[in-house]
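Inspection log for the structure reproduced underneath, given as structure tokens.
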Amino acid sequence: MPPPVFRFAPSPNGYLHLGHAFSAMLNSDLARESGGRFLLRIEDIDSTRCRVEFEEAIDQDLTWLGLSWEKPVRRQSEHFAEYRAALEKLMALGLIYPAFESRAEIAGLIKQNEAEAPWPRDPDGAPLYPGTARALGSG
37 MPPPVFRFAP SPNGYLHLGH AFSAMLNSDL ARESGGRFLL RIEDIDSTRC
87 RVEFEEAIDQ DLTWLGLSWE KPVRRQSEHF AEYRAALEKL MALGLIYPAF
137 ESRAEIAGLI KQNEAEAPWP RDPDGAPLYP GTARALGSG
């Protein structure tokens, strides 16, 4: 079995806070204790709010905390072509459809369905999407 992978994925749209530091340190510790990998992924797809100076500050802060991570750092903005290819593959399979429900509304739908029978779940135990919005695409 491959080693577990842990990651810290901040958006460089502001400075880190204590919650960020805790999350980064926790994931780094878990990676070290389990013989796993610790990755830094920069969530920089919001081009209007993300700034180079915040990304540099993230690097400085994590280094100051004594953390290290695999290089190169994954920057989400460098992978748009991969995401587009995956989306096109899903579209070709007919698996893309509009959905407008909030997470709370989806949870409510699942709760209603579970009143009748156990609701299917993914391998991690999360309930599967009920699929109610699929009918919107066939209008």
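In our numbering, the protein residues as written are 37 to 175.
All C-beta atoms in this analysis are idealised placements derived from N, C-alpha and C, irrespective of residue type, glycine included.
As the crow flies, the alpha-carbon of I132 is around 33 Å from that of E91. Taking the Cα positions, L98 is about 36 Å away from Y165. Under the rule that a run must span 4 or more residues, the alpha helix (DSSP H) segments found entirely inside the region 102 to 147 read 116 to 128. Looking from the CA of Y51, the closest CA among F44, E89, L76, I81 belongs to E89.
Counting other Cβ atoms within 10 Å of its Cβ, P40 stays below 16 and is therefore classed as exposed.
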